[in-house]
Each structure stands twice: as C-alpha cells, then as structure tokens.
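Asks:
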Amino acid sequence: MVECRVNEFLSVPRPPLRGDDFISPVELKKVALRLPKRKAPGPDGISTTALTQLPNRGLVALTRLFNGILRTGHFPEAWKEGRVIVLPKPGKDKRLPASYRPITLLSHVAKLFERLLLRRIRPFVSLRDEQFGFRSGHSTTLQLARVLHQLTEARNRGHYTVGVFLDIEKAFDRVWHPGLLFKLIDTKMPPALVGVVASFLQGRSFHVSVEDVISQPRPITAGVPQGSCLSPLLYAAYTNDIPTLRDQIADGVRDVELALFADDSAYFTSSRNAEHAARKMQKLLELLPAWLDQWRMAVNVGKTAALLTGLKRIMPPPLKLRGSDIEWQSQVTYLGCRIDRSLRMVSQVNHVVSQAKMARAMLRPVLTSRLPLRAKLSVYKTYVRSRLTYAAPAWYSLCSPAQRSKLQVQQNVSLRVLTGAGRYVRNDVIARDLQIPSVEEFVVGLARRMFDRADHGPHRHLQNIAPLHTRPPDATGRPLPRDLLSDPTAEIEMPVQTASPAPQNTDDIPRPRFRVIPARP
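Counted from 1, the sequence shown has number 30 at position 30 by full-length UniProt numbering; the numbering is strictly sequential.
1. Grab the span of the beta strand (DSSP E) containing THR48 for me, first residue to last.
2. Can you tell me the Cα-Cα spacing of LEU377 and ARG364, whole angstroms?
3. In chain order, what residues of the same chain lie with their CB nearer than 6 Å to the CB of GLY227, ignoring the 5 residues before and after it?
4. Residue range of the beta strand (DSSP E) that ASP340 falls in?
5. Examine the Cβ distances between the region 406-417 and the region 427-443 and report whether three or more of them are shorter than 8 Å.
6. Taking residue 524 as the reference, which of ARG272, ASN273 and THR304 has the closest Cα?
7. Give me the Cα-Cα distance between PRO15 and ARG128, rounded to the nearest whole angstrom.
8. Quick one: complete beta strand (DSSP E) runs, 3+ long, within the region 195-273?
9. Per DSSP, what kind of secondary structure is PRO458 in: helix, strand or coil?
10. The alpha helix (DSSP H) with GLY179 in it runs from where to where?
11. If you check the beta carbons only, do PRO225 and ALA274 fall under 7 Å apart?
12. Just to confirm, does ILE168 get its C-beta within under 6 Å of one of the non-hydrogen atoms of the ligand ATP?
13. Check VAL12 in the structure and name its three-state DSSP category.
14. For ASP433, is the classification buried or exposed, using 16 other Cβ atoms within 10 angstroms of its Cβ as the cut-off for buried?
15. Drop a sphere of 10 angstroms on the beta-carbon of LYS381, count the other beta-carbons inside from all chains shown, and report buried for 16 or more, exposed for fewer.
16. Write down the C-beta distance between THR52 and LEU33 rounded to the nearest angstrom, noting that I regard them as a contact closer than 8 Å.
17. Considering only residues of the same chain and omitting the five flanking positions on each side of ASP20, which have a CB-CB separation below 6 Å?
18. Roughly how many angstroms separate the alpha carbons of LEU240 and PHE172, rounded to a whole number?
19. Here's a check: name, in chain order, each residue in its chain whose Cβ is nearer than 6 Å to the Cβ of ILE339, leaving out the five neighbours to either side.
20. Determine, for VAL6, whether the minimum Cβ-Cβ distance to residues of chain D falls below 7 Å.
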C-alpha cells in the first residue's frame, strides 16, 4: 500500500511552486558564506572557498540552476555519488575492514542546494516535542535535564522508574525510501518539494577510495546520505510516529515518557510498585516490534539496556523484546552521561575527571610552555574544562560535596600547571588573579543561561522544562536540576576585567601576583 501510493504520487504531474519558494541570488550568497570552510571537497573537487568567491555572474548562473531543480523536481545524478574514504580506528587491526571508519564526501555544490532546500521543507515537518536532536533551541543538556528531573522527582515521591534505552541498528542507513516519502506526502509540504526530496533519495551511489585506488560504484537502496544537512530532519520525520501507550491505557493513567535525540531513544515509566512499572514497560515493548517491522527498522536487543531507579534490591523479571531478555543494568550511558540506579552520579563524575586528566596530560607540554597566559587559559577552557563540565547543568545538582570537590580539584591542578605556581600559593589566589570562576560558579552560570533561553524561547514545550518543586527545609530526597538556581534573583559574580592602559605585550590578562616558575627548555 505504501509503495503503490508513492508510485501513484510520483507518476502524476504536480502543481508548480509559488514564486516565493524560489531562490534569489542574495539568499544564495548568504548561505554560501556560511558554509564550513575546512571541509574536504567531494568527487567534483570544488571546495567551499571557491563557492564563497563566486562573482555575481556565477551566483546568478547557480541560482538559475537551483531554481531549475525546484521547477522540474530533478536532482542531478552527478550530485548523488559519494566518495567514501576510510580512516583507521586507533588500536585496531588494520587488516580488518571493521577497523576503519568510513567518511562520505559529497559535492559542496549539492550541499549548498540542500541547505536552501532545508529552509523550504523545515516549516512543513512538525516534530514531536520529545525529539531534541538537530533542532534549534534544543540540546543534549536540556534533554538530560528533562530525563534526570523525571527520574529524581519519581524517586523523591517514593516511586520506582523503569527506563529502557534502545540501540537502533544503523538507524540512518535503514530508512526505507518509500516509507519516508509516504510520511512526507501526509504533511502539508508542497508536492513539488516532495518530488525534489524523492529525486534526492533515489538513484544514489558511492565508491570507496583507498589511497590511489577507487572501487566500482555501488548503489544505495536505503538510508539517508551521510554528511547531508537534510538527513537529520528526514530521519526525525521518519521516526516521528514511534509508538507509546497513548492509545492503549485508560483515561487518567500516565503515559510512558519518551526521550529522543536523533537515533538515541529511551522510554521511562514510574509507579509506586516496581513490578507494575515493569509490566507497563513490557506492554510497550510488545507494541514496538510491529512498528519496527512496518517501517523496516531494527533494534539490537543485546545492546539495549534496562535501568530501575530506587532502593529495591530484588529486580523484577527481565523485560523481553522479540523474545530476548533485556538485562537490568546498574548504570547506563545516555547522551554521553552515565546514570546510575542511585542517581548520585558517582560514575559520571569519575568519568569526566578521568577525561579531564587525560586531556591535561596530553596538553601538558602546551600548558607548561612559554605561551602567553591568555593562550594557555583558552586551551584549558576549550579542552579540559569542557570535558570536566559536559552537560553539568543537568547532573551537577545530584553530586555530593565530595564529588563536587573532585571537580574543583581538577581545575585547581590545571591552573597551577599552566601558571607554574609554587606550593605556597593558595588555589583561590591563583583563580582570583587569573579571573577564573570556580567550577560551581561556572556550572551555575551555564544552568541559568540554559534555562533562561528555554523559558523565554519560541518553543512552548521547553518553557519551564524540569520545573523546580518547592520542598520543606527538612524534606529529604535528591535535588532537582533547577535546584542549582535556588535563588532566581541572585546572579553569579563573574570576574570582570577592569579597564587599564594598553599593555606592552599581547597578553591582556593581568600578571599573577605570585612568582611564575619558567618552564624547562
């Protein structure tokens, strides 16, 4: 039925686009200037720099070409071929094909048109509120804050939460083209744009390039192209109807919560009884295979994990998906954050601390060099502190004082290394003279900006996300993500550099008030 309807749609003439839907040279110029500069060219060898330097006559010619594609609905065949290069994975046997990571290089001229096409189809694709991937105003930190808020709130109410984290096999490579077009036809997207998307997907091919050897072209019969800006939106539209229990439960019963970030999918359900929550989740898992089979998706049950938060020591019977058991885990990794049963985030803190230590060890020659302090501070903020505080506005409030102290110690050690300060200099003196806020102050500032953007942004489902629940002073329970902002009117005092005469050197950071030990040659 799906294939017949798509074939019938593609076989009949489609009404032309309105005049406002076509591309102007001014719009093309603006989009071309925003293309990433340091990207390898595709099979045609045209770089993004060449596109940004086109004269007005070239821009007009390219605009006429792009409008011809929108008018005829024909995507050029030369733009559908991808060049695949392989990069060896570190520590893997180079004799095995699985030890290489494939990277697809596409034509930059095609990518420029895809960016313009994305502007025209995005308003007609309405994604569900649970999808946070590749959307403006959304982020992994916001999704983690939403998930950890639900887990913590349920635990504070004495409820158990069952979470299932699905591992979808080769998600972007398994998109069924007729199924995707079938879903786009049901939207309000103009038929002419649907025809362009159909031509964009059909007849694609790739060849593999290893050193100076190029393989024969191979056809691509499914999936969305790797490296295309259209692929994330098309995949999100394809999986927009992933099932929940909305039509399978009685009125007044809370539905299973869904958390999506591109192909990272997770389900959550809470109940005062752990077995009841597990039965509710099992009911959903029995509905999932029908949707997977209908749209030709697959889930790796062996890599799918189940988590039960709470104080229960005896686990319920294992959940089943397609007749296979989903093992209960003591901790799971979702969007790069390690969530444990107790919600104390001990494993997450240990993980970010080890990542920060590794980054500092690799950058130690740079941090102890004679570079200006400003340059070394930028290196620390970019490569060390970013790992130390990844998604911290979502999980930092759940950390104990001992765990927070571990994070602060890593910053103290890093600042001491890059300044070469002696042991007699206090850590707070180093941070004060370098104008670096503490880790907690930095995380609170991140959290305040994140929640302010969500509360005052255009997306209604993000407003008051992870709301703060007032509790009595003597109430016990785990803190919520917004507890970092316990006083909404308070502002974290960030060090501000006062105006001073122009320095003699290029380093505009005030010199530390302690003796700096020069690095050894």
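Here a beta-carbon is modelled for each residue, glycine too, at the ideal position from N, C-alpha and C.
Computed from a predicted structure; not experimentally measured.
Replies: Let me lay it out:
1. No beta strand (DSSP E) holds THR48; the alpha helix (DSSP H) holding it covers 48-52.
2. 13 Å
3. THR104 and LEU106
4. 337-340
5. yes
6. Because the chain in this structure spans residues 1 to 521, residue 524 falls outside the shown range and cannot be described.
7. 29 Å
8. 204-210, 218-220, 257-261 and 264-271
9. coil
10. 177-185
11. no
12. No copy of the ligand ATP appears in this structure; indeed no ligand is present at all.
13. coil
14. buried
15. exposed
16. 6 Å
17. none
18. Just to set this straight, residue 240 is Asn in the shown sequence, not Leu. Each residue's alpha carbon lies about 14 Å from the other.
19. VAL332
20. The question asks about chain D, but that chain is absent: this structure has only one protein chain.
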